[in-house]
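Protein chains: 2
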Amino acid sequence: MEKFFYPKNVAVIGASHEERKIGHVIFKNLLEKFKGKVYPVNPKTEPILGQKVYPSVLDIEEEIDLAIIAVNASIVPKVLEECGKKGIKNVVIISSGFSETGSLEGKKAEEKIKEIARAYGIRIIGPNTIGIFNSENGLDATFFLEKDVKKPKEGCISFFTQSGTIGILTLDILAKENIGIAKLVSYGNALDVNEADLIEYFSTDEKTKVIAGFIESVRNGRKFLEVLRKNKKSIVLLKGGKTSFGARATSSHTASLAGDYKVYSNVLKQFNVIEAETWEDLIDYLKILSTGKIAKGKRLVIITNAGGFGVLASDYAFRLGLELPEPSEKLKEEMKKYLPLYASVRNPIDITADADIERYEKILRILDESEEFDMLLIVVLIQTPMLDERIVDVLKEIKKPFAVCMSGSKAEEIRKNLRLFLPIYESPERAVKALKIISELKA
Amino acid sequence: MEKFFYPKNVAVIGASHEERKIGHVIFKNLLEKFKGKVYPVNPKTEPILGQKVYPSVLDIEEEIDLAIIAVNASIVPKVLEECGKKGIKNVVIISSGFSETGSLEGKKAEEKIKEIARAYGIRIIGPNTIGIFNSENGLDATFFLEKDVKKPKEGCISFFTQSGTIGILTLDILAKENIGIAKLVSYGNALDVNEADLIEYFSTDEKTKVIAGFIESVRNGRKFLEVLRKNKKSIVLLKGGKTSFGARATSSHTASLAGDYKVYSNVLKQFNVIEAETWEDLIDYLKILSTGKIAKGKRLVIITNAGGFGVLASDYAFRLGLELPEPSEKLKEEMKKYLPLYASVRNPIDITADADIERYEKILRILDESEEFDMLLIVVLIQTPMLDERIVDVLKEIKKPFAVCMSGSKAEEIRKNLRLFLPIYESPERAVKALKIISELKA
Chain A
1 MEKFFYPKNV AVIGASHEER KIGHVIFKNL LEKFKGKVYP VNPKTEPILG QKVYPSVLDI
61 EEEIDLAIIA VNASIVPKVL EECGKKGIKN VVIISSGFSE TGSLEGKKAE EKIKEIARAY
121 GIRIIGPNTI GIFNSENGLD ATFFLEKDVK KPKEGCISFF TQSGTIGILT LDILAKENIG
181 IAKLVSYGNA LDVNEADLIE YFSTDEKTKV IAGFIESVRN GRKFLEVLRK NKKSIVLLKG
241 GKTSFGARAT SSHTASLAGD YKVYSNVLKQ FNVIEAETWE DLIDYLKILS TGKIAKGKRL
301 VIITNAGGFG VLASDYAFRL GLELPEPSEK LKEEMKKYLP LYASVRNPID ITADADIERY
361 EKILRILDES EEFDMLLIVV LIQTPMLDER IVDVLKEIKK PFAVCMSGSK AEEIRKNLRL
421 FLPIYESPER AVKALKIISE LKA
Chain B
1001 MEKFFYPKNV AVIGASHEER KIGHVIFKNL LEKFKGKVYP VNPKTEPILG QKVYPSVLDI
1061 EEEIDLAIIA VNASIVPKVL EECGKKGIKN VVIISSGFSE TGSLEGKKAE EKIKEIARAY
1121 GIRIIGPNTI GIFNSENGLD ATFFLEKDVK KPKEGCISFF TQSGTIGILT LDILAKENIG
1181 IAKLVSYGNA LDVNEADLIE YFSTDEKTKV IAGFIESVRN GRKFLEVLRK NKKSIVLLKG
1241 GKTSFGARAT SSHTASLAGD YKVYSNVLKQ FNVIEAETWE DLIDYLKILS TGKIAKGKRL
1301 VIITNAGGFG VLASDYAFRL GLELPEPSEK LKEEMKKYLP LYASVRNPID ITADADIERY
1361 EKILRILDES EEFDMLLIVV LIQTPMLDER IVDVLKEIKK PFAVCMSGSK AEEIRKNLRL
1421 FLPIYESPER AVKALKIISE LKA
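Chains as they are written, first to last, in this note's numbering: chain A, 1 to 443; chain B, 1001 to 1443.
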């Protein structure tokens, strides 16, 4: 598996001269970012982006670690065979037109490439994938340009997905939210490499601290259980095809049947896997998990300049089983030094709508250093004239696990211009839900 | 109540010369936007923003319909008494420092202004509010400038809230999402006007089609039930203080005890009130309700160029009890004319990731005109090179009730530059949840 992510060189089979073609974009992304040699392969040998083009991988002198195939489905067997002869052991097949079409021809074509792969001992990711991504060495073998899909910076999350579109969205949204990523794989029809292989690899990969994925069906139940049992890292999964409606949608696009959801869900619980209920939950959880922080207990303190959001956060914390202890008299006295008389120090700590950055700083420092709480939820009603983007400087100093709730137009502006990562949520309930997740992780 | 929203003129008592003061901002907002005369009142009579200042309302010659009081709590009784003598019957008291402080003095001060109001027959909104807002006549009596809090354009939603901060956030977020508003009231300590009065007024107000509110406690249970029974409009409520945690937070900031949530929740069901579970749900529901469309049934069709999101939307639709019927053979044949062979026409209609604007247009037109579905969920993976902001021109032509799911950085850009309103959601599940709401409304 290692060479899928850390090849010394890559051949792009089907590297195209036409700018809009998939084979062109993949080659361009790799040429610009990958820290290693990239070989374009195409029978038409005019240079692409100034690079010498090889008619076949067999014409490349150097040994090749990884091949990306982006040619028409009908040509895949031929070029895969050439990969085999060249001794390439890792191949990503981007091309679609196989079992996912639901046609007999597609299924047969997939069987044929399976045979070739077996004959030559080639490991395959795909077919029907948007590619793979490794932030560490610039291995961006996806067919999307930055202008359409933003790519995340380096981080500790590794993500796998059958669905290519989910892969695209994940890259783009994590980048937009300033969340870093280690590796991402869209494994498509899972002809060979599947969810179990990827969890297994990520669970030993040094750069990966959090494993996340979107699963439609589990191909190899026994191995899946085995890798979950062995895994020691945080793992979050979102399941598609939980219901008969979803299963129908699944089978229409990735050529697999949805598993029995209840069985699946119980297995996840057994192995301490965090199950995201919705797409939004998945992204929200990744956001807080990417901080690498774990809350030691369930004692939450809410600091707010917006009474109403303090109430909503409190209600939701109760509902999710978090604790909201009242601060000790000593702690209350300490906070009161910096608060007006009409502020509340009971938890939520309501520092009132006229709070300025300094008041936030004083109170947050006291609570961050207190032993009475395990985590902080900080509500910032940024719409008051007393506050602006400099609140970020205060928030980034917090050591305890925390989440920020900040919403509206000014918040959007701040988030857009944020150069660092902060776990900011648009609603109090989403922030509480995320904190709950890190209060359940084992160190 | 009418004169709170449609006064011919307004006196701003405590209109300040200092730019950062509440009394200055309110006067400025009204002066710039209100379609009627505005009188600044302040014992210091130097002109403010070039306008003649009156030492007291008693010095104004004209009859006054509405007074906004933004002076220190200690001066409120005096100026309110003057309002009484002047014959002003509608007063908004912005000032805080009353029962919400939890102090005995605050409570006494509130009792005192209650007595004055009763003596002169004055109706009061407040104290401790961020003000009131009417988009129709530019009555922006809030103490926030556009640079901090965006204000929504005209629309059919009227919103009430005890919590001032929820009022601010609502204005700002509705504006950001291009959702229009009719009227907004922050009624603070509810010394006089409360949630029941406002629901009653909005239920007869011509400009209001949807009533929405954030409630912490119900002051007058009997009247509350009565107005809900009489109301014929769509009504959405979010309750704060549902739990003991939330109730504690509530009492700390608005001087009222949270009611028994279960009783409350059952009452809402009985009167067909839509209860939002979270802040995000509330905004999401307002978004779809502001379209004014009602789905005639539960038959949903999902159109997607992103297989994974089609699966998630289908699962969630099942979970919420919506129907996802397979199109008739006739309809399938009609769609197939415009789709590649590998597309799926089973519902979700997966028009595949290479769909361009034209393909969306053809398929959406067919489904919009079909009698087989009551509403549409349109997933647009906008990250493909085939799509851009021109998709908006296609979406705006749809006649059936619909919601759009579009997420990521390109979607954010499109939403930001959107000149019209479209019910766009960032996740498939949120879009489904919103559609469910309009499938339950009665025409």
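Positions of the beta carbon are idealized from the N, C-alpha and C atoms, including for glycine.
Which chain B residues sit within Cβ distance under 7 Å of A:P348?
-> Per Cβ cutoff of 7 Å: A1249.
At least one CB of chain B closer than 7 Å to the CB of A:S217: is that the case?
-> Output row for A:S217: interface = no.
For B:M1375, name the three-state secondary structure that DSSP assigns.
-> Here B:M1375 sits in strand by DSSP.
Alpha-carbon to alpha-carbon, B:P1401 and B:M1375 | Rounded to the nearest angstrom, the two C-alpha atoms are 5 Å apart.
Among A:V379, A:K296, A:L339 and A:E115, which has the Cα closest to the Cα of A:K436?
-> With distances taken between Cα atoms, A:K436 lies closest to A:K296.
Going along chain A, which residues have a C-beta under 8 Å from B:V1311?
-> What B:V1311 touches in chain A: S163, E216, G240, G241, G246, A249, T250 and H253.
Supposed contact pair B:I1094 and B:F1143 - C-beta distance, whole angstroms, cut 8 Å | 7 Å between Cβ atoms; contact.
Find the nearest neighbour of A:V227 within the set A:F202, A:T208, A:G138 and A:A313, judged by alpha-carbon distance.
-> If we check each option's Cα against that of A:V227, A:F202 comes out closest.
Cβ of A:G14 within 7 Å of Cβ of A:A70?
-> A:G14 places its beta carbon less than 7 Å from that of A:A70.
Proximity test, Cβ basis, 7 Å: B:I1064 and chain A | Judged by the 7 Å Cβ criterion, B:I1064 is not in contact with chain A.
Is there a Cβ from chain B that is less than 7 Å from the Cβ of A:K176?
-> Answer yes: the Cβ-Cβ gap between A:K176 and chain B drops below 7 Å somewhere.
Is it buried or exposed for B:P1055, if we count other Cβ within 10 angstroms and need 16 for buried?
-> Exposed.
Would you say A:E216 and A:G240 are within 7 Å of each other, going by their C-beta atoms?
-> The answer is yes: Cβ separation under 7 Å.
Of all the CB atoms in chain B, is at least one closer than 7 Å to the CB of A:D315?
-> Interface flag for A:D315 against chain B is set, since a Cβ pair is found closer than 7 Å.
Comparing the C-beta of A:Y187 with each C-beta of chain B, is any distance below 7 Å?
-> Not closer than 7 Å to any Cβ of chain B, the Cβ of A:Y187 fails to qualify, so no.
Do you know whose CA, among B:T1278, B:I1064 and B:E1177, lies nearest A:F309's CA?
-> Of the candidates B:T1278, B:I1064 and B:E1177, the one whose C-alpha sits nearest the C-alpha of A:F309 is B:T1278.
For the stretch 64-100 of chain A, list the beta strand (DSSP E) runs that are entirely contained and at least 3 residues long, ordered along the chain.
-> Listed in chain order, they are 66-69 and 90-93.
By Cβ distance, which residues of its chain are closer than 6 Å to B:S1439, with the 5 residues on each side in sequence left out?
-> Answer for B:S1439: A1295 and K1298, listed in chain order.
In angstroms with no decimal places, state the Cα-to-Cα distance between A:K287 and A:A431.
-> Taking the straight line from one Cα to the other gives about 10 Å.
Hey, is A:P127's beta-carbon within less than 7 Å of any beta-carbon in chain B?
-> With 7 Å as the cut-off, A:P127 does not count as an interface residue toward chain B.
Spatial neighbours of A:N137 within its chain, please: CB distance less than 6 Å, with the 5 preceding and 5 following residues excluded, ordered by chain position.
-> Hits under 6 Å: K35.
Neighbour-count burial assignment, A:Q270, 16 or more Cβ in a 10 Å radius | Classified as exposed, A:Q270 has fewer than 16 neighbouring CB atoms from the shown chains inside 10 Å of its CB.
Look up A:K239 in the DSSP assignment and say whether it is helix, strand or coil.
-> Looking at A:K239 - three-state DSSP - the assignment turns out to be strand.
Alpha helix (DSSP H) runs contained entirely in the stretch 1384-1430 of chain B, provided each spans 4 or more residues | 1391-1395 and 1409-1417, all fully within the stretch 1384-1430 of chain B.
Nearest residue (CA-CA) to A:L145, options A:S244, A:V193, A:H24 and A:L58 | Nearest C-alpha to A:L145: A:H24.
Give the C-beta separation of B:N1090 and B:L1066 to the nearest angstrom, bearing in mind that I take them to be a contact with Cβ-Cβ under 8 Å.
-> Indeed, because the Cβ distance is near 5 Å, the residues count as touching under 8 Å.
Report yes if the CB atom of B:I1064 is closer than 7 Å to the CB atom of B:I1026, and no otherwise.
-> Not in contact: B:I1064 and B:I1026 (Cβ atoms no closer than 7 Å).
The stretch 377-389 of chain A: positions lying closer than 8 Å to chain B by Cβ = Of all residues in the stretch 377-389 of chain A, L381, Q383, T384 and P385 have a Cβ within less than 8 Å of some Cβ in chain B.
May I ask you to report which of helix, strand or coil DSSP gives A:Q51?
-> DSSP places A:Q51 within a strand segment (E or B) once states are collapsed to three.
Report the option in B:L1238, B:G1097 and B:E1195 whose CA atom is closest to the CA atom of B:E1110.
-> The shortest Cα separation from B:E1110 among B:L1238, B:G1097 and B:E1195 belongs to B:G1097.
Expressed to the nearest angstrom, what Euclidean distance is found between the alpha-carbon atoms of B:T1101 and A:Y342?
-> Per the coordinates, the alpha-carbon of B:T1101 lies some 5 Å from the alpha-carbon of A:Y342.
Span separating the alpha-carbon of A:K232 from that of A:V301 | Approximately 29 Å, taken between the alpha carbons.
Mark B:L1058 as exposed unless 16 or more other C-beta atoms lie within 10 angstroms of its C-beta, in which case mark it buried.
-> With fewer than 16 other Cβ atoms within 10 Å, it is exposed.
Extent of the continuous beta strand (DSSP E) to which A:S158 belongs = Annotation: the continuous beta strand (DSSP E) that includes A:S158 extends over E154 to T161.
Is the CB of B:Y1425 under 7 Å away from at least one CB in chain A?
-> Taking Cβ atoms only, chain A never reaches closer than 7 Å to B:Y1425, which makes this a no.
Name the two residues that bound the continuous alpha helix (DSSP H) containing B:F1214.
-> Counting along the chain, B:F1214 falls outside any alpha helix (DSSP H), though it belongs to the beta strand (DSSP E) covering V1210 to I1215.
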